[in-house]
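A.B. asks:
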Amino acid sequence: MAILLTGGAGYIGSHTCIELTKEGYDVIIVDDFSNSSPKVMERVKEITGKDIPLYRADVADKEALSRIFAENDIETVIHFAGFKAVGESCRLPVKYYRNNIDSTLTLLEVMAEYGVHNIVFSSSATVYGVPKKVPLTEDMDTGCTNPYGWTKLMIEQILRDTATADKEFSAVLLRYFNPIGAHESGRIGELPNGIPNNLMPYITQVAVGKLKQLSVFGNDYPTHDGTGVRDFIHVVDLAKGHVAAVKYVASNKGAEVFNLGTGIGNSVLVIVKAFKDANGIEIPYVIAERRSGDVAECYADPKKAFEGLGWKAEKNLTDMCKDSWRWQSSNPDGY
Ligand code: UDP
24 MAILLTGGAG YIGSHTCIEL TKEGYDVIIV DDFSNSSPKV MERVKEITGK DIPLYRADVA
84 DKEALSRIFA ENDIETVIHF AGFKAVGESC RLPVKYYRNN IDSTLTLLEV MAEYGVHNIV
144 FSSSATVYGV PKKVPLTEDM DTGCTNPYGW TKLMIEQILR DTATADKEFS AVLLRYFNPI
204 GAHESGRIGE LPNGIPNNLM PYITQVAVGK LKQLSVFGND YPTHDGTGVR DFIHVVDLAK
264 GHVAAVKYVA SNKGAEVFNL GTGIGNSVLV IVKAFKDANG IEIPYVIAER RSGDVAECYA
324 DPKKAFEGLG WKAEKNLTDM CKDSWRWQSS NPDGY
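Set out below in structure tokens:
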């Protein structure tokens, strides 16, 4: 019995691949490498000592996907594949709806054809929209500020409806907060396309000399230092959350949602300071305008994941900053 990871060569997928393999699971990957490199899998092999079966295909390609299900004994799917750039989704909403929704529907059709009932889905804290209060619990209102977020919320709904209709079906919807960090070997990590949108890759590219300075988007939010507060979580902790979710879907029916966060909010300026303290590198920054669509504060209540999945984040901000920097400094040009 194997676990199929769609988009398994991506940032979160590749770290999950390692954690699952460590726990003795057989893993299969399908990825079209539209936003990742085949070299990732060589690095995963270095770390795990295992050749992970890899299919190069688009999840929306039903024929290719059916072949993967026909050739393997798949027990559970972790569905990472999808476009994820918030800004691009605002410019090209149809591209995002077409890709993210279509590929999920195709996946669900093929799973049904092959009698596979278990799925773990990569959702996002962005589905909470503008939080009315923090920390966020899973029962709070949802609503998005961009098409990318809407695709996540729509897919959550599709999976809930599927679970209602099919009593054999089991779905875990994982709402990720802000994953940063990298595998402690420094061999795999996040590789943004072009100039990074996210905070930590931007900081590490300033540190390595690729970018001049960080723009801090707003210092007049109602937070302790005026800068945005987020729940930064180490990607290896997040990956371990998927292992816990794989165990959960194997023994529970229905659809259940869990936050994957630390429960701790840290501001942009706290991250800049933590990076300096962890790595001895000062990050030059300027205060810039707020970024449109950003919220002041967003952090998780991680209690439900602890009670339901037996999982909690264990790594701290120093680990996150050190591991992000180890990856960036030893791979300044990526893979
Ligand atoms: N941020 C920033 N400068 C950047 C990138 C991000 O000040 O170059 C801030 C952003 O406004 C937010 C926090 O860092 O308050 C986290 O942003 P990121 O894009 O990493 O994640 P998001 O929470 O938006 O998904």
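Using this note's numbering, you'd call the opening residue of the sequence shown number 24 and step up by one each time. Every residue gets a Cβ at the ideal spot worked out from N, C-alpha and C, and that includes glycine.
(1) In the DSSP assignment, find the unbroken beta strand (DSSP E) run with residue 49 in it and report its ends.
(2) Decide if residue 309 is buried, meaning its Cβ has at least 16 other Cβ atoms within 10 Å, or exposed.
(3) CA-CA distance, residue 279 and residue 30?
(4) Cα separation between residue 167 and residue 128?
(5) In whole angstroms, give me the CA-to-CA distance for residue 69 and residue 50.
(6) For residue 271, which residues of its own chain have a beta-carbon under 6 Å away from its beta-carbon, when the five flanking residues on both sides are left out?
(7) On the three-state DSSP scale, how would you describe residue 321?
(8) Do you know whose CA, among 307, 276, 340, lies nearest residue 184's CA?
(9) For residue 202, list the residues DSSP reports as bridge partners.
(10) My assumption, with CB atoms under 8 Å, is that residue 328 sits in contact with residue 264. Please give the rounded CB distance.
(11) Under 7 Å: does the beta carbon of residue 295 sit that close to some heavy atom of the ligand UDP?
(12) Cβ of residue 214 within 7 Å of any heavy atom in the ligand UDP?
(13) On the DSSP letters alone, give me the boundaries of the alpha helix (DSSP H) that residue 43 sits inside.
(14) Roughly how many angstroms separate the alpha carbons of residue 226 and residue 119, rounded to a whole number?
(15) Kindly indicate which three-state DSSP category residue 277 falls into: helix, strand or coil?
(16) When the Cα of residue 359 is compared with those of 139, 295, 47, which residue comes out closest?
(17) Could you name the residues that DSSP lists as bridge partners for residue 309?
(18) Give every residue of the same chain whose Cβ lies closer than 7 Å to the Cβ of residue 1, excluding the five residues on either side of it in the sequence, and list them in chain order.
(19) Using a beta-carbon distance below 8 Å, is residue 59 in contact with chain C?
(20) For residue 125, I'd like the list of residues in its chain whose CB is within less than 8 Å of its CB, leaving aside the five on either flank, ordered along the chain.
(21) Have a look at 326, 348, 343 and flag the residue whose alpha-carbon is nearest the alpha-carbon of residue 160.
(22) For the candidate residues 274, 57, 339, whose alpha-carbon lies nearest to that of residue 365?
(23) Look up residue 147 in the DSSP assignment and say whether it is helix, strand or coil.
(24) Please state if the CB of residue 239 and the CB of residue 319 are separated by a distance shorter than 8 Å.
(25) Just verifying my parser: in three-state terms, what is the DSSP assignment at residue 121?
(26) Identify, in the order they occur along the chain, each residue of the same chain with its Cβ nearer than 8 Å to the Cβ of residue 88, setting aside the five sequence neighbours on each side.
(27) When you compare only the Cα positions, how much space is there between residue 354 and residue 73?
(28) Round the Cβ separation of residue 169 and residue 316 to the nearest angstrom and send it over; I've been treating them as touching at under 8 Å.
(29) Please list, in chain order, all residues of the same chain as residue 155 whose beta carbon is under 8 Å from its beta carbon, the five residues on each side excluded.
(30) Cα-Cα, which of 174, 206, 202 is closest to residue 221?
(31) Do you know whose CA, among 314, 224, 40, lies nearest residue 266's CA?
C.D. replies: Well, looking at it:
(1) Position 26 of the sequence shown holds residue 49. Segment 49-54, the beta strand (DSSP E) holding residue 49.
(2) Counted from its first residue, the sequence shown places residue 309 at position 286. By the 10 Å Cβ count, residue 309 comes out exposed.
(3) Position 256 of the sequence shown, counted from the first residue, corresponds to residue 279. Position 7 of the sequence shown, counted from the first residue, corresponds to residue 30. Each residue's alpha carbon lies about 22 Å from the other.
(4) Looking up residue 167 in the sequence shown gives position 144. Looking up residue 128 in the sequence shown gives position 105. Between residue 167 and residue 128, the C-alpha separation is close to 21 Å.
(5) Start at 1 with the first residue of the sequence shown, and residue 69 comes out as number 46. Start at 1 with the first residue of the sequence shown, and residue 50 comes out as number 27. In a straight line, the C-alpha of residue 69 is about 15 Å away from that of residue 50.
(6) The residue given as residue 271 occupies position 248 in the sequence shown. The residues are 195, 332.
(7) Along the sequence shown, one-based indexing puts residue 321 at 298. Note: residue 321 maps to strand in three-state DSSP.
(8) On the sequence shown, residue 184 is found 161 positions in, with the first residue counted as 1. Cα-wise, what sits closest to residue 184 is 276.
(9) Against the sequence shown, residue 202 aligns to sequence position 179. Residue 202 is bridged to 256.
(10) Working through the sequence shown from its first residue, we reach residue 328 at position 305. Working through the sequence shown from its first residue, we reach residue 264 at position 241. That pair is a contact at about 7 Å.
(11) Within the sequence shown, numbered from 1, the residue matching residue 295 stands at position 272. Outside the cutoff, so no.
(12) By 1-based counting over the sequence shown, the position of residue 214 is 191. The answer is no for residue 214.
(13) In the sequence shown, residue 43 corresponds to position 20, counting from 1. Unbroken alpha helix (DSSP H) run through residue 43: 34-45.
(14) What you label residue 226 is simply residue 203 of the sequence shown in a count that begins at 1. What you label residue 119 is simply residue 96 of the sequence shown in a count that begins at 1. So the alpha carbons of these two residues sit roughly 27 Å apart.
(15) Sequence index remark: in the sequence shown, residue 277 carries index 254 (1-based). In the structure shown, residue 277 sits in a strand (DSSP, three-state: E or B).
(16) As displayed, the chain neither begins before 24 nor continues past 358, which places residue 359 out of reach and without an answer.
(17) One-based indexing of the sequence shown puts residue 309 at position 286. Paired residue(s): 238.
(18) A query on residue 1 cannot be resolved here, the shown segment of the chain reaching from 24 to 358 and no further.
(19) Looking for chain C here will not work: only one protein chain is present.
(20) As a first step, residue 125 must be located in the sequence shown, where it is residue number 102. Only 83 meet the Cβ criterion.
(21) Mapped onto the sequence shown, residue 160 falls at position 137. Distances from the CA of residue 160 to each of 326, 348, 343 were compared; the closest alpha carbon is that of 326.
(22) Because the chain spans 24 through 358 in this model, residue 365 falls outside it and cannot be assessed.
(23) Position 124 of the sequence shown holds residue 147. Here residue 147 sits in strand by DSSP.
(24) One-based indexing of the sequence shown puts residue 319 at position 296. One-based indexing of the sequence shown puts residue 239 at position 216. Their beta carbons are not under 8 Å apart, which means residue 319 does not touch residue 239 by this criterion.
(25) Taking the first residue of the sequence shown as position 1, residue 121 is located at position 98. The answer is helix: DSSP assigns residue 121 an H, G or I state.
(26) The sequence position of residue 88 within the sequence shown is 65, counting from 1. Once the five neighbours on either side are set aside, the close Cβ partners of residue 88 are 53, 80, 82, 129, 130, 133.
(27) Counting from one through the sequence shown, the residue named residue 354 turns up at place 331. Counting from one through the sequence shown, the residue named residue 73 turns up at place 50. For residue 354 and residue 73, the distance between alpha carbons rounds to 22 Å.
(28) Locating residue 169 in the sequence shown gives position 146, counting from the first residue. Locating residue 316 in the sequence shown gives position 293, counting from the first residue. About 6 Å separates the two Cβ atoms, so the contact holds.
(29) Residue mapping note: residue 155 aligns to position 132 of the sequence shown, counting from 1. The beta carbon of residue 155 sits closer than 8 Å to the beta carbons of 163, 164 from its chain, once the five residues preceding and following it are set aside; these are given in chain order.
(30) Taking the first residue of the sequence shown as position 1, residue 221 is located at position 198. The residue with the shortest Cα to Cα distance from residue 221 is 202.
(31) In the sequence shown, counting from the first residue as 1, residue 266 sits at position 243. Checking every option, the nearest Cα to that of residue 266 belongs to 40.
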